[in-house]
Every structure is written in C-alpha cells, then in structure tokens.
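Keeping their order, the protein sequence lines are chains A and B.
Take 1 as the starting number for the first sequence in the numbering used here and just add one per residue.
Take 184 as the starting number for the second sequence in the numbering used here and just add one per residue.
For each residue, glycine too, the CB sits at the ideal point set by N, CA and C.
There are 2 protein chains.
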Amino acid sequence: MSESNERPQLKIEEAKDKVMGAIAETMDLYGVTPAAANLYATMYFEGQMTLDEMRAELGMSKPSMSTSVRKLQEIEMVKKTFTRGSRKHTYAAEKDFFHSFMAFYCQMWEREVKTNLGAIESAQEDFVEVMKDSSSTPDIVAKAKEYYDQLEESKTYYHWLGELAESIRSGEIYNFLPKDQKD
Amino acid sequence: MSESNERPQLKIEEAKDKVMGAIAETMDLYGVTPAAANLYATMYFEGQMTLDEMRAELGMSKPSMSTSVRKLQEIEMVKKTFTRGSRKHTYAAEKDFFHSFMAFYCQMWEREVKTNLGAIESAQEDFVEVMKDSSSTPDIVAKAKEYYDQLEESKTYYHWLGELAESIRSGEIYNFLPKDQKD
DNA sequence: AAGTTTATTAAATATTTATTTAACGTTTTT
DNA sequence: AAAAACGTTAAATAAATATTTAATAAACTT
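Following this line, the structure appears as structure tokens:
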C-alpha cells in the first residue's frame, strides 16, 4: 500500500463501515447473535472467506465463526463455495437480499402456521366434544362454542400467512409488487 | 363450580392450553420475552385484564406484567381498554392477527429500510468522492465503483421492502391475496 | 499408515437479558 | 391534608445465551 492512496483507501473503509454497521444493527431483527450479524456484515463486502480469515478479520474464536456460519447458512444468508486446491472450507455471503428475505420469512411463517394451525385443529375437536357431551351445562357449551368460533376466525389468518409465504417462494408476489418499481 | 361440569370444564382448559402453548412457543419469533409471550397467550382467551389479574393468572411479579404489557402494546398486540369506575388500568389482547402482523412487520421493515438505506446513501456519496479524487489509483477507483454498484443493486430490495410494508399498511395487499381465500 | 491440518463438539466461562424485590411518585379517596 | 391504591422505575438477582478454551473427530498428505 503506497502513501498516495492512503486517504482514498481510508475513505473506502469508512464508507464500508457505515453500511456494515447498519446491517449488523438491523440483523438483531433476524434473531442472530451479534457475532453472526457482524460476520455477515463483513462478508457482504468480501468474496469467499475461510473460517480462519473470518476469525482474523473479526478477532474472534474459530468455533464462534463455525457456529455463526452455520446459523447464517440455516437462514440462507451464507452459502458454501467450492474452492479447488484448498482444504479449507470457503463461504460467501448471499448478496441477493430478496433471496435472504424469502428464506428467512417463509421458513419462519411456515413454522408458525404449522404449529398454530395444528394446535387449533386439535383444540377445536375438543371443543366440539364438549359441545356434544351430555354432561356439559348450557353455559359450558356456550363457552366452548365461543372459543371454537374464535379459533375458526383465526384460521383465516394462518391460511393467509401460508399463502403469503407460498407466493413469495414462487415469486408470484413480484407480479403484484415488481422488484424494480420506481417511485 | 358444580361436580357435574368438571370434566367438560377440564377439557376446555386443556384445549385452551394447547393453543396457548403454540402461541407462546411461536412468539419468540416476534422477539418478545417468555413472560410477554405467555401473557399474550393468556389474554387471547380472556376479555380485558388488570395488571393484578395478570399477575395472579401467571404467578409473576407486577413489574414484569407492566413491562410485558408495554412491550405488547408497542407491537400492538395488546390495547388499553377503558373501564369506567375502576382505577385499575385494563388491557385486552388484539385478537385480529392481521392487525398484529401489520403492526409488527411494518414497523420492523420500515426501521430496516430507513437505517440501511440511510447508510447506503451516505456510503455511496463517499465512493463517488473517492472515484473523483485525483489521488486515487486506478485500482482504488475500480474498488470504489464495485462497491458503489453493489450498493446500488441492493437499493432495489429496500425499495421493494418499503413498498411491501406500505401495501400491507394500506390493505392493498389483500387485493392480491384476499383474506378469505379458500383452497 | 502416521502425522498434520481443519472443522466440530463439549465443557467452562463470560456476558447479556429477563425477572424480582424494593423504593418512588402519582392519583384517588376519605 | 393524610392515607391508600396503583403503576412505574431502579437496583439486585436469577436465568439464559453467547463465546471461548480445550478436546475430539474427520479429512487429507506424505
């Protein structure tokens, strides 16, 4: 690094830091650890990296990098890259935010739909049984019906959420909201 | 509570518990504490509640209820209700999940767009300056341009995310994905 | 096959976050 | 005006989570 390009070089680093800071700051929203957030922010401006390079860059332990990378792979924000000749594994940041958005939210929403809809269906069966049970007093039956209806109403939401996830996975959503919309 | 309705009554409680469990379990996705998650799950099957009733129901401290309620109000999953005659504040769960979805995600995405887009704009200005700087070597300029372009590309995503939030806030999204879609 | 490099797992530690107890301020009631 | 009820804030404790060091396992090289 020569003396004449030090100032611009510094400016580049500062500019990168601004963006990296913002990314790391908003990534808590994605439920990742600070280490993983910083790692992604770093990788966003790098090509592929090895665990050792990550550790050197962030000044953290290798297992921490290993764990963080795995977490980031789970939500598809980092992908493994193949590098012939090197024994070290290499990874690269997924830079297409549309892809990350899809992977993260669809996974999350699908889990929510599955878990809650499952519980709702099961509970509704119970409420029906209570309503049919001859030992239920009228006010018990009324309560059961009230809860049943409340759950039935909520199913509309979970179906919608599932549809939303599906339309994002399929890309159909972009017919409604184009990627390159200018306004 | 008479002896004859104990079985159905128990069944109702068990059915509620299933749904409450699922709600509490998936609410970690919304970044709330376990106390807040359990509180919302409880309130979902109740009408309005006072802090003391919450504490009694969950067996937790009053400040914990106070904090949890405030957090849930922030993401609009609980709203304050007016009860004339009582000095105690009363709160009720927002049972319209569409509303909660909107409040939570739009707030989150708008924060992300604002923070990251702000940093990106600022960084891009820096990269432009580096490119115009006569003391920058050709490879420095090339690097600056590369980063500039990468950021420019990413702006498409943030604009899209902002649009998505807007269409959810306005309800326009339901033209594309109707609430009551059956399939 | 032995030795070396790399990644992962396990156990221990450090840090952060959630929760509680205690204190405070505000509002209402008498 | 004094006392009581209620909610919130502050400090302390408890619990959970992230991170590290140390140990293990797997893959490659010679």
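Between residue i and residue j, is the Cβ-Cβ spacing less than 8 Å?
i, j, result
"LYS79 (chain A)", "ALA92 (chain A)", "yes"
"ASP126 (chain A)", "ALA198 (chain B)", "yes"
"LEU300 (chain B)", "TYR341 (chain B)", "yes"
"GLU259 (chain B)", "ALA224 (chain B)", "no"
"LEU39 (chain A)", "LEU58 (chain A)", "yes"
"PRO246 (chain B)", "ASP133 (chain A)", "no"
"TYR213 (chain B)", "LYS278 (chain B)", "no"
"LYS18 (chain A)", "SER305 (chain B)", "yes"
"ILE168 (chain A)", "CYS106 (chain A)", "yes"
"VAL313 (chain B)", "ILE12 (chain A)", "yes"
In angstroms with no decimal places, state the Cα-to-Cα distance between residue i and residue j.
i, j, result
"GLU46 (chain A)", "GLY230 (chain B)", "53 Å"
"SER66 (chain A)", "GLU293 (chain B)", "31 Å"
"TRP343 (chain B)", "MET232 (chain B)", "40 Å"
"THR273 (chain B)", "SER251 (chain B)", "14 Å"
"SER283 (chain B)", "ALA219 (chain B)", "14 Å"
"GLU189 (chain B)", "PHE281 (chain B)", "35 Å"
"GLU336 (chain B)", "LYS179 (chain A)", "11 Å"
"GLU25 (chain A)", "LYS328 (chain B)", "25 Å"
"GLN364 (chain B)", "MET243 (chain B)", "41 Å"
"PRO138 (chain A)", "SER170 (chain A)", "48 Å"
"ASP332 (chain B)", "VAL324 (chain B)", "12 Å"
"VAL311 (chain B)", "LEU334 (chain B)", "12 Å"
"GLN256 (chain B)", "MET291 (chain B)", "15 Å"
"GLN307 (chain B)", "ILE23 (chain A)", "15 Å"
"SER269 (chain B)", "MET237 (chain B)", "16 Å"
From the options, pick the residue whose C-alpha is nearest to that of residue i; which is it?
i, options, result
"GLU295 (chain B)", "B:LYS338, B:MET314, B:GLY354 and B:GLU189", "B:LYS338"
"LEU164 (chain A)", "B:LEU334, B:TYR340, B:VAL313 and B:ASN358", "B:ASN358"
"LEU10 (chain A)", "B:LEU334, B:ASP235, B:GLU335 and B:SER318", "B:SER318"
"ASP211 (chain B)", "A:ILE140, A:ILE12, A:MET131 and A:THR115", "A:THR115"
Name the DSSP beta bridge partners of residue i, please?
i, result
"ALA276 (chain B)", "B:VAL261"
Along chain A, which residues have their Cβ under 9 Å away from the Cβ of residue i?
i, result
"PHE287 (chain B)", "Within 9 Å Cβ-Cβ: nothing; PHE287 (chain B) doesn't reach chain A, min ~11 Å."
Which bits of chain A does residue i rub up against, with CB to CB less than 7 Å?
i, result
"LYS328 (chain B)", "Chain A residues near LYS328 (chain B): none, gap ~11 Å exceeds 7 Å."
"VAL215 (chain B)", "What VAL215 (chain B) touches in chain A: nothing, since even the nearest Cβ is about 12 Å away."
What does residue i reach in chain B if we use C-beta pairs closer than 8 Å?
i, result
"GLN9 (chain A)", "ILE323"
"ASN116 (chain A)", "VAL202, ALA205, ILE206 and THR209"
Just the chain A side, please: which residues come within less than 8 Å of residue i by C-beta, in chain order?
i, result
"GLU312 (chain B)", "LYS11"
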